[in-house]
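In the UniProt record's numbering, the protein residues as written are 1 to 388.
Yeah, the Cβ is synthetic: ideal placement off N, Cα and C, and Gly gets one too.
Notes follow once the structure below has been shown.
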């Protein structure tokens, strides 16, 4: 059964907690000096469920020496101090954060790794949230979890709540003069080497109190990470607009036919002739692979695939061994340790370009720190990625 307690607060601190007895409508508040050991033990985790209007408590000391004190009538349940067998569950921000991460990743196992928390503890917190809300939020099965209708509603609102909390923190830090926050950025392998150091250096100079995380990944992987919240911003090539992703074009980067240096020719090549060259190219649904197939299809041609392999370094390694040609940006070749082993040929009739865009999730508003990173990338990325 729940109990009513009188809480005496002096100078912002809880000075005493007195038991008033079981819930009873209209029951008068007792003297605050009555205290129980159980109530005192529970005071640190007490949350006001219902409070009458606070009333000043006047002591016997002279008015000039009195400290302002107020009492409030609160309802809460007491946990067994040894077994914690029962207590009143209270929805808190940490539980919402845990729930959102489990929902986005679709698995307690993956969420526990991402949050760096033991899976049983994570599962228990989400279950407490369900108990508090009197709703099943997740359907648990051998493949992971799926959201119930109630879970979908809570997920939508929880994202907004957590975003607003992050905004509040950032604003308070800004007022204090030490802007903070966190932003996670994903970069494609071809750009990671050229962007990571200068972007990090500029970020630290502009926002010394903020935290930056940079991850290298393929476009398909980074797009998924944007949707499930592991990334805040990603640079994607030839991304297709969708209801889940907002795109901000950054630059159009020319693509080249990359061949071994002993090939000799650096002359432009008509795009149609690309179909005659055996290609070392990423597997579907890689953005570059899809672009090459689409542009050749527009000319009535199909690419000649020699080897499918993901990653710029292994592609260039196979080209250096004479096992085929590749379609890459100048930046991808120039930043390679074996750049001198290749020649590049621009495409003509028509040219072939890859569009690089900044991508963010449309399901979560950007924070101030994330917006600052978008501006930083828009400012410095185009001059660091120098098209030939």
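Would you decide whether residue 369 is buried or exposed? Buried here means 16 or more other CB atoms lie within 10 Å of its CB. Mapped onto the chain shown, residue 369 falls at position 369. Its Cβ being crowded by 16 or more others within 10 Å, residue 369 is buried.
Using three-state DSSP, classify residue 187 as helix, strand or coil. In the chain shown, counting from the first residue as 1, residue 187 sits at position 187. Note: residue 187 maps to strand in three-state DSSP.
Who pairs with residue 182 in a beta bridge, going by DSSP? Here the question's residue 182 lines up with position 182 in the chain shown. DSSP, once it has assigned bridges, lists 211 as partnering residue 182.
Quick one: give me the first and last residue of the alpha helix (DSSP H) that residue 290 is part of. Sequence index remark: in the chain shown, residue 290 carries index 290 (1-based). From DSSP, the alpha helix (DSSP H) with residue 290 extends over 287 to 298.
CA nearest to the CA of residue 215, picked from 93, 223 and 251: Stepping through the chain shown from its first residue, residue 215 is reached at position 215. Closest by alpha carbon: 223.
Report the rounded CA-to-CA distance for residue 92 versus residue 143, giving the unit in angstroms. For the purposes of this step, residue 92 is taken as residue 92 along the chain shown, with counting starting at 1. For the purposes of this step, residue 143 is taken as residue 143 along the chain shown, with counting starting at 1. Those two C-alpha atoms are separated by around 28 angstroms.
Under 8 angstroms by Cβ, that's how I've got residue 373 and residue 197 pegged, so tell me the actual separation to the nearest angstrom. The residue you call residue 373 lines up with position 373 of the chain shown. The residue you call residue 197 lines up with position 197 of the chain shown. In fact, because the Cβ distance is near 15 angstroms, the residues do not count as touching under 8 angstroms.
When the Cα atoms are used, what is the spatial distance from residue 86 to residue 139? As a position in the chain shown, residue 86 is number 86, starting the count at 1. As a position in the chain shown, residue 139 is number 139, starting the count at 1. Its pLDDT being 43, under 50, residue 86 is placed unreliably in this model, and the coordinates cannot settle the point.
Would you decide whether residue 125 is buried or exposed? Buried here means 16 or more other CB atoms lie within 10 Å of its CB. Residue numbering aside, residue 125 sits at position 125 when the chain shown is read from its first letter. Per the 10 Å Cβ criterion, buried.
Below 8 angstroms between beta carbons: does that hold for residue 275 and residue 303? As a position in the chain shown, residue 275 is number 275, starting the count at 1. As a position in the chain shown, residue 303 is number 303, starting the count at 1. Yes, the Cβ-Cβ distance between residue 275 and residue 303 is below 8 angstroms.
For the alpha helix (DSSP H) holding residue 371, just list the boundary residues, first then last. The residue you call residue 371 lines up with position 371 of the chain shown. Segment 368 to 384, the alpha helix (DSSP H) holding residue 371.
Going by Cα to Cα distance, which pick from 175, 166, 295 and 363 is closest to residue 152? Locating residue 152 in the chain shown gives position 152, where the first residue counts as 1. Among 175, 166, 295 and 363, the Cα nearest to that of residue 152 belongs to 363.
Limits of the beta strand (DSSP E) - the one that residue 235 falls within: Taking the first residue of the chain shown as 1, we reach residue 235 at position 235. That run of the beta strand (DSSP E) goes 233 to 237.
Is residue 249 buried or exposed, if buried means 16 or more other CB atoms sit within 10 Å of its CB? The residue given as residue 249 occupies position 249 in the chain shown. By the 10 Å Cβ count, residue 249 comes out exposed.
Look at the alpha carbon of residue 280 and the alpha carbon of residue 344, and state the distance between them as a whole number of angstroms. What you label residue 280 is simply residue 280 of the chain shown in a count that begins at 1. What you label residue 344 is simply residue 344 of the chain shown in a count that begins at 1. Cα to Cα, residue 280 sits roughly 15 angstroms from residue 344.
Using CA atoms only, rank isn't needed, just tell me which of 187, 266 and 169 is closest to residue 221. Position 221 of the chain shown holds residue 221. Closest by alpha carbon: 187.
Please list the terminal residues of the continuous alpha helix (DSSP H) segment that includes residue 272. For this step, residue 272 is matched to residue 272 along the chain shown. Note, residue 272: premise wrong, no alpha helix (DSSP H); not H, not E.
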